[in-house]
Structure formats: C-alpha cells, structure tokens
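Peer 1: Residue numbers (the numbering used here): 58 to 302. Can you read through this structure? Questions will come right after.
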C-alpha cells in the first residue's frame, strides 16, 4: 500500500540545494502553462506551497489543501494562513467554486486516485483548468528514494492521459521537468540549466516529472454529487471560499 510522505520530509527536501533546483525548474514550467491567475479562485492540493508564491499575489482567492495522512504546515508567516488540513477525497468547497487547481505530491500517494480526481472535477467550474505534477515512470527520479518523487506510484504520459480522460478531463498540454540527476553533487547542481536544455532537446521522455495541463469537460447527464460537510467550515469561511452546504 502506498504511504503518504510526512509533511516534514517534504519541507526538508525543498530546503536542500537539490530541492531549490527542483522547485525552480518545476515552477518555471507551471508558469509557462499558466502565466497568471489574476481574478481567479485557485486551490492547491497535496504539497503545493513551494509553487504558489507568485500566484498568491494574483489570485482573487487561494487555498492550499494538505491531506490528513500527510500532515500540514502553515505557510507565509507574515500573511494570513491559507493551508487547510483535510481529506483529499472530501474537499470542503462548494461545487464549481474553483477556476484553477494545482495538484502536486498527491495523485501518486492517494489510496483512491479516481475518487480524488473526481473531487477536483467537482469543485472546478465548467471548463476549469487543472495542472497535475506527477513522477515520470521513465525518469531517473522515480527510481531513487532520495527525493519525494521516488515514492508513490509514477505515471507514464499515456497512463496519466488515459486516467484523466476516464475521469472527464481532456489533457491539453504536457511539459517535462527535472533532467538533472537527483543528486546533491555540486557539479550537477551548478550545471542544472545545461542538463535542462540538453534534456528538453534530446531526452524529453526521461524527465523526472510530467506536468500536465487538463480542462474539465462536462457532458449532458454528468451527475455532480452533493456531499454534506461539517468540518473546517470556519477555516473555509475565513478564506472567503464557497463551502459545501
């Protein structure tokens, strides 16, 4: 059975030199897919906070959901907390209340991927956008346990594309990131940009992660579940987000 990483382990990884490089490279690709969220309601799920800094200043509303089995850490000491500890399959939000969702360090760990992604579908507006970051099955990062990307269930692009289609999302674009070997070696870290350029040109299928942009599709007859939710209502109200009835 797949185990969620502890939130402290995730925080500590992104505090390392390798974690800084990984964050920078992944964040750059996310920004290429979604340059701005100005005026939009945005949510993150999993451990998304390393990639939310720029979006926080733009979004109309922003909340970061961290799964209960992983644990949660508050973010941005000098500003109001936006992190909510919750069940990744039961988000305390109303139907169609989110314009853009960023899911990182989540799909590969959840015990019920279908239920989790259907919950993301539920809270997204019609035509809402999803960016999903998952370990690449063909990449070196998925084969070493030195980083969070070496744990959980990795995906190939065909697998993630099929999974999204099965759950009423259409994949729009895919980006690749992390060609640098997952090592704290100063040589590799100092040449990260060169590895990135070389990887994109010659070895794109062997990237460490896949970053997939998808759109919520709506077909006639699609049922939207109504779920009663009583936990974390005060937090959701403080964040100014619509909540479930």
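Beta carbons are placed, not taken as given, at the ideal position from N, Cα and C, and that holds for glycine.
Counting only runs of 4+ residues fully inside the region 65 to 146, write out the alpha helix (DSSP H) ranges in chain order.
Peer 2: 74 to 90 and 110 to 115
Peer 1: Express the C-alpha separation of residue 195 and residue 215 in angstroms, rounding to a whole number.
Peer 2: Here residue 215 is taken as the residue at index 158 of the chain shown, counted from 1. Here residue 195 is taken as the residue at index 138 of the chain shown, counted from 1. Whole-angstrom Cα-Cα distance: 12 Å.
Peer 1: How many Å lie between residue 181 and residue 155 at the Cα?
Peer 2: One-based indexing of the chain shown puts residue 181 at position 124. One-based indexing of the chain shown puts residue 155 at position 98. Their Cα atoms are separated by approximately 5 Å.
Peer 1: Are there 16 or more other CB atoms within 10 angstroms of the CB of residue 40, so buried, or fewer, so exposed?
Peer 2: Nothing about residue 40 can be read from this structure; the chain reaches only from 58 to 302.
Peer 1: Quick one, are the C-beta atoms of residue 192 and residue 266 less than 9 Å apart?
Peer 2: Taking the chain shown and counting its residues from 1, one reaches residue 192 at position 135. Taking the chain shown and counting its residues from 1, one reaches residue 266 at position 209. The answer is yes: Cβ separation under 9 Å.
Peer 1: In angstroms with no decimal places, state the Cα-to-Cα distance between residue 238 and residue 268.
Peer 2: Taking the chain shown and counting its residues from 1, the one referred to as residue 238 is at position 181. Taking the chain shown and counting its residues from 1, the one referred to as residue 268 is at position 211. Approximately 18 Å, taken between the alpha carbons.
Peer 1: Does the separation of the CB atoms of residue 270 and residue 90 fall below 9 Å?
Peer 2: Your numbering for residue 270 matches position 213 in the chain shown. Your numbering for residue 90 matches position 33 in the chain shown. Going by C-beta atoms, residue 270 is nearer than 9 Å to residue 90.
Peer 1: Excluding the five sequence neighbours on either side, which residues of its own chain have a C-beta within less than 7 Å of the C-beta of residue 305, listed in chain order?
Peer 2: Any question about residue 305 goes unanswered here, given that the chain covers just 58 to 302.
Peer 1: Cβ of residue 119 within 9 Å of Cβ of residue 139?
Peer 2: For the purposes of this step, residue 119 is taken as the residue at position 62 of the chain shown. For the purposes of this step, residue 139 is taken as the residue at position 82 of the chain shown. Yes, they are a contact pair.
Peer 1: Pull the bridge partners of residue 158 from the DSSP assignment, please.
Peer 2: Mapped onto the chain shown, residue 158 falls at position 101. In DSSP, residue 158 forms a bridge with 100 and 187.
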